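A.B. asks:
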Amino acid sequence: MNKFNWVISRLLLYVAGSALLMMVFLVVGNIIMRQVSSSFGGTTEMVGWLTAVVVALSLAYSQLTKAHIELDLLVEHLPARLQSVLYVLVSGASFLFFSMVAWKLWEYGFSAMQRGSLSQTLRIAFYPVVYLVALGFSAFAWFF
């Protein structure tokens, strides 16, 4: 199971890195096009989507590698047994919260697909982005 978690988290991290690279090319291309003629529309919308994808898909890897920030200024002074209890409580609450976030994102993506919702500027379906973000949060919750 541990090997499977590492493979999935790394795969999601590579997709997040690709989205970050696309975001860089899009922004730089937009800046260059502004100097030459006119920028292309929808850049802000695409950068927003790609940012959400980058953040959501990199959560699982950061959870596995413990690369997140822990504020344990108060907790480190408590007895070891109480620290363990607090760790279990916080992990359980985090698992429940991020599971609910993932669940609601899957529901939102499905309803956006059913309704045929389109983005405001580019007028394209955005539910695949919602599904990618839901996938990232699902993996994040799974690795708690």
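First residue of the sequence shown? That's 1 in UniProt numbering, and the numbers climb one at a time after it.
C-beta: ideal position from N, C-alpha, C; glycine also.
Note that the structure is predicted; figures quoted are calculated from it, not measured.
1) Between which two residues does the alpha helix (DSSP H) holding V75 run?
2) What's the gap between the Cα of E76 and the Cα of I124?
3) Measure the CB-CB distance between L105 and E45 and report whether it falls below 8 Å.
4) Quick one: grab the DSSP three-state call for L118.
5) Just list the beta strand (DSSP E) runs in the region 38-101, keeping only unbroken ones of 3 residues or longer that don't cross its boundaries, in chain order.
6) Between V130 and Y108, is the Cβ-Cβ spacing less than 8 Å?
7) Could you give the first and the last residue of the continuous alpha helix (DSSP H) run that contains F140?
C.D. replies: Result, derived from the coordinates:
1) Note, V75: premise wrong, no alpha helix (DSSP H); not H, not E.
2) Between E76 and I124, the alpha-carbon positions lie close to 50 Å from each other.
3) With respect to the 8 Å criterion, L105 and E45 are not classified as neighbours on the basis of their beta carbons.
4) Three-state result, L118: strand.
5) With a minimum length of 3 residues, no continuous beta strand (DSSP E) run stays inside the region 38-101.
6) Closer than 8 Å, so yes.
7) Counting along the chain, the unbroken alpha helix (DSSP H) around F140 starts and ends at Y127 to W142.
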